[in-house]
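Engineer:
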Amino acid sequence: MSSDHDHDNELDPMAARVRALETILTQKGLIDPAAIDVIVDTYETKVGPRNGAKVVAKAWSDPSFADWLRRDATAAIASLGFTGRQGEHMRAVFNTPDTHNLVVCTLCSCYPWSVLGLPPVWYKAPPYRSRAVIDPRGVLEEFGLTLPAETKIRVWDSTAELRYLVVPMRPLGSEGLSEEALADLVTRDSMIGTGLAREPA
Amino acid sequence: MSGRDGESVKERAAAQAGLPPGLDEPAFAEPWQAQAFALTVALHDKGLFSWSEWANALSLEVKRPEAAPDGGDYYEHWLAALEKLLAVKGVAMPEAVEALAAAWQRAARATPHGQPILLENDPEGNPAKESMQGNS
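Chains A and B, in that order, give the protein sequences. Quick note: the first sequence uses my numbering, first residue 3, plus one each step. Quick note: the second sequence uses my numbering, first residue 6, plus one each step.
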């Protein structure tokens, strides 16, 4: 940003505004700066799409878990220790040979943080938010994913209260793999619906 | 980077799509973005606003016509949404935020390199402190 000054230390305007808010909120007792650091650390390093991949791998290997996930994704996911701190509800949508699922948030950028971490840049950007609903097939092709014409595409628009996790189809050739090995096949994009699970090497 | 299809597919998506590159970019480009995000999470935990309220506030910002098509200004919108919500809630008024932000910038300039930037280093004094002392 603005670096035309040669001062020893320079806070850019956005950083200064955040510090200003933090100062006010701390003084009012609304936040604890140490807790803010913990939240940053959690979202930078601890939560991410590996959580979601474990959910999907378990659903692939354990039919009763898959059934639970289908009926009550919030509880099934929480049983693995991944709980949304927003208290949002989760719904798992399962890809089948007939139907491919795609998740978007047209409103802003609602995203299942607890299982996928923070959204990628393109998920938050206007082209994806507007075009995923209007032309999902075209958007998927831009991601390199061309589905058979007879496959239906269902688009799920996330909200603050309800967020979606796509359960991709289990790839061919993955029979007999452990849950851990299966989880490695589950990409972030496959859980948003802009990709498929990887095939085993 | 196994050179498997998945990688080239992502690159192609980024190149062709009009969808921005950086599919595996870090969550935050700059520390202030992480802090703005964390403040929002903490204030929600505190019950200051619901996620619906937050989604509406953020939506108003990201839907502005001048928003960057690549989403590169996403956290600037995030911060604007947070500031407006805090103003509406009467928690932090825009003038107070402006004044404190300016104080933080003066403090930064007055702080020798390598030392932590403290608001007390502001050569013009500390508006936040004064407002607190006003109570005594």
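All C-beta atoms in this analysis are idealised placements derived from N, C-alpha and C, irrespective of residue type, glycine included.
Three or more C-beta pairs under 8 angstroms: does that hold for the stretch 85-99 of chain B against the stretch 51-62 of chain B?
Structural biologist: yes
Engineer: In chain B, what lies closer than 7 angstroms to A17/A by C-beta?
Structural biologist: Simply W37.
Engineer: Under 6 angstroms from any heavy atom of the ligand SAM, does the C-beta of I79/A make it?
Structural biologist: This structure does not include the ligand SAM; it has no bound ligands of any sort.
Engineer: Should R139/A and M92/A be called a contact, given that it needs their Cβ atoms to be closer than 7 angstroms?
Structural biologist: no
Engineer: Given this structure, state the Cα-to-Cα distance separating L82/A from P128/A, to the nearest angstrom.
Structural biologist: 33 angstroms
Engineer: From the DSSP secondary-structure annotation, give me the bridge partner or partners of D212/A.
Structural biologist: A question about residue 212/A goes unanswered here, because the residues of chain A that appear run from 3 up to 203.
Engineer: Between G27/B and chain A, is the shortest Cβ-Cβ distance under 7 angstroms, so that the two count as touching?
Structural biologist: Confidence in G27/B is poor, its pLDDT being 37 and thus under 50, which makes the residue's placement unreliable; the coordinate value appears in the next sentence. True, the Cβ-Cβ gap to chain A drops below 7 angstroms.
Engineer: What whole-angstrom Cβ distance do M171/A and N97/A have, given they're in contact under 8 angstroms?
Structural biologist: 5 angstroms
Engineer: Between W109/B and L13/A, how many whole angstroms is the CB-CB distance? I'm expecting something under 8 angstroms.
Structural biologist: 6 angstroms
Engineer: Is the separation between the beta-carbon of A41/B and that of V20/A shorter than 7 angstroms?
Structural biologist: Yes, the pair counts as a contact, with Cβ atoms nearer than the cut-off.
Engineer: Whole angstroms is fine: what's the gap from A113/B's alpha carbon to Q38/B's?
Structural biologist: 18 angstroms
Engineer: If the cut-off is 7 angstroms on Cβ atoms, which residues from the stretch 117-130 of chain A count as contacting chain B, listed in chain order?
Structural biologist: Along the stretch 117-130 of chain A, going in chain order, the ones with a CB nearer than 7 angstroms to a CB of chain B are G119, L120, P122, V123, W124, K126, A127, P128, P129 and Y130.
Engineer: What residue does the beta strand (DSSP E) around F96/A start on, and which one ends it?
Structural biologist: H91 to F96
Engineer: Per DSSP, which residues does Y45/A bridge with? Please list them.
Structural biologist: Looking at the DSSP assignment, Y45/A forms no beta bridge with any residue, so it has no partner.
Engineer: Can you pull out the residues from the stretch 18-40 of chain A whose beta carbon lies closer than 9 angstroms to at least one beta carbon of chain B?
Structural biologist: A18, R19, V20, R21, A22, L23, E24, T25, I26, L27, Q29, K30, L32, I33, D34, A37, I38, D39 and V40
Engineer: Are the Cβ atoms of V141/A and A134/A separated by less than 7 angstroms?
Structural biologist: yes
Engineer: Apply the 10 Å Cβ neighbour rule to P122/A and answer buried if 16 or more other Cβ atoms are within range, or exposed otherwise.
Structural biologist: Taking all protein chains shown into account, P122/A has 16 or more neighbouring C-beta atoms within 10 Å of its C-beta and is therefore buried.
Engineer: Report the partner residues of T101/A according to the DSSP bridge assignment.
Structural biologist: K154/A
Engineer: For the stretch 62-83 of chain B, enumerate the residues whose C-beta is nearer than 7 angstroms to any C-beta of chain A, in chain order.
Structural biologist: L63, S64, V67, A72, P74, D75, G76, Y79 and E81
Engineer: If we call anything under 7 angstroms between Cβ atoms a contact, is S180/A one with P202/A?
Structural biologist: Taking C-beta atoms as the reference points, S180/A and P202/A fail to come closer than 7 angstroms.
Engineer: For the stretch 171-195 of chain A, which residues have a CB atom closer than 8 angstroms to at least one CB atom of chain B, in sequence order?
Structural biologist: Those would be T189 and D191, in chain order.
Engineer: Closest to P99/B by CA distance: which of F145/A, L187/A and A22/A is it?
Structural biologist: A22/A
Engineer: Distance cutoff 7 angstroms, beta carbons only. Does N97/A sit that close to anything in chain B?
Structural biologist: no
Engineer: Based on DSSP bridge pairs, tell me the residues matched to Y166/A.
Structural biologist: R93/A
Engineer: Helix, strand or coil: how does DSSP classify E16/B here?
Structural biologist: Any reading at E16/B is ruled out, since the residue's pLDDT is 45, under 50, leaving its predicted position unreliable.
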